[in-house]
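According to our numbering, the sequence shown is numbered sequentially starting from 448.
Beta carbons: idealized from backbone N, C-alpha and C, even for Gly.
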Amino acid sequence: MADIEFSVNGRAVSAGAELAELPLVDYLQEDLGLTGTKFCCGIGVCRACTVTVKRYSGAPLDVLLACSTPLSQLQGVSVYTVEQLASGGSLHPLQSAMLTEFAFQCGYCTPGFLMAATALWDRLAAQPIPADELDEAIQMAVGEHICRCTGYVRYHTAIKRAITEAGGLLR
Ligand code: FES
Ligand code: FES
Numbered sequence: 448m449a450d451i452e453f454s455v456n457g458r459a460v461s462a463g464a465e466l467a468e469l470p471l472v473d474y475l476q477e478d479l480g481l482t483g484t485k486f487c488c489g490i491g492v493c494r495a496c497t498v499t500v501k502r503y504s505g506a507p508l509d510v511l512l513a514c515s516t517p518l519s520q521l522q523g524v525s526v527y528t529v530e531q532l533a534s535g536g537s538l539h540p541l542q543s544a545m546l547t548e549f550a551f552q553c554g555y556c557t558p559g560f561l562m563a564a565t566a567l568w569d570r571l572a573a574q575p576i577p578a579d580e581l582d583e584a585i586q587m588a589v590g591e592h593i594c595r596c597t598g599y600v601r602y603h604t605a606i607k608r609a610i611t612e613a614g615g616l617l618r
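Structure representation (structure tokens):
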């Protein structure tokens, strides 16, 4: 079996074929030192481990659960983690809004919420929606994420604020 070639936050990586069954979250944390992606339930329920992926050049961002995705499924895929969101010393607007709205307490679920919201952001940038459909779109994006500190309303408010203030994501 060939090595698994993919990219993480724009950096090409190559994992040996013997790692084919290793969950992505373990590879990110143990091999790449990217500890922002969190492991929680490990069975695809809580969504704390959400990252985003592009499966081909020009594809929309999609979400992926890193706890239950083995490396064997990532051949040729571009993976993005929470470490990639801030750029040039500036937080992504979604990160800033979560701080402004005090969306999180312990913060363990925050990377998952952020990456799911980023996928929504990417979709809206390509295809804006009417403002009155935003609440439902946010619910669709993060409604299955579990926050044990119960920050659901504040997460929703923060995501809505960031998207509304961004301009160009709504019509
Ligand atoms: S750790 Fe809970 S869904 Fe991945
Ligand atoms: S902020 Fe603690 S689990 Fe969500």
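> Near ligand 2, which residues have their beta-carbon closer than 7 angstroms to a heavy atom?
Replying inline: F551, Q552, C553, G554, Y555, C556, T557, C594, R595, C596, G598
> If you draw a straight line from the C-alpha of D579 to the C-alpha of M545, how long is it?
Replying inline: 21 angstroms
>> For a quick check, are the C-beta atoms of V526 and F560 less than 8 angstroms apart?
In response: No, Cβ-Cβ distance for V526 and F560 is not below 8 angstroms.
> Is C514 buried or exposed, if buried means 16 or more other CB atoms sit within 10 Å of its CB?
Replying inline: A residue is called buried when at least 16 other Cβ atoms come within 10 angstroms of its Cβ; C514 meets this threshold and is buried.
>> According to DSSP, R458 sits in a beta bridge with which residue or residues?
In response: V455
> Excluding the five sequence neighbours on either side, which residues of its own chain have a C-beta within less than 7 angstroms of the C-beta of L463, listed in chain order?
Replying inline: What sits at residue 463 in the sequence shown is Gly, not Leu. Closer than 7 angstroms at the Cβ level, and outside the excluded window around G463, lie D450.
> Can you tell which of P558, E468, E548, Q574 has its C-alpha closest to the C-alpha of V600?
Replying inline: Considering only alpha carbons, the answer is E548.
> What is the DSSP secondary structure of T516, counted as helix, strand or coil?
Replying inline: coil
> Among S454, K607, V472, Q574, which has the Cα closest to the Cα of E583?
Replying inline: K607
> Contact between the segment 462-481 and the segment 551-569: three or more CB pairs below 8 angstroms?
Replying inline: no
> Quick one: is the Cβ of F486 within less than 7 angstroms of any heavy atom of ligand 1?
Replying inline: It does: the Cβ of F486 is within 7 angstroms (strictly closer) of some heavy atom of ligand 1.
> At a cut-off of 7 angstroms, is G590 close to ligand 4 when judged by its beta-carbon and the heavy atoms of the ligand?
Replying inline: As presented, the structure is devoid of ligand 4, carrying ligand 1 and ligand 2 as its sole ligands.
>> Let's test the definition: count the other Cβ atoms within 10 Å of the Cβ of P507 and tell me whether it reaches 16, buried, or not, exposed.
In response: By the Cβ neighbour-count rule, P507 is exposed, with fewer than 16 other Cβ atoms within 10 Å of its own.
>> Using a Cβ-Cβ cutoff of less than 8 angstroms, which residues in the same chain neighbour A533 once the five nearest sequence positions on both sides are dropped?
In response: H539, Q542
> Taking the continuous alpha helix (DSSP H) assigned at K607, which residues delimit it?
Replying inline: 599-613
> Hey, is A495 close to ligand 1, as in C-beta under 7 angstroms from one of its heavy atoms?
Replying inline: Checking every heavy atom of ligand 1 against the Cβ of A495, one is found closer than 7 angstroms.
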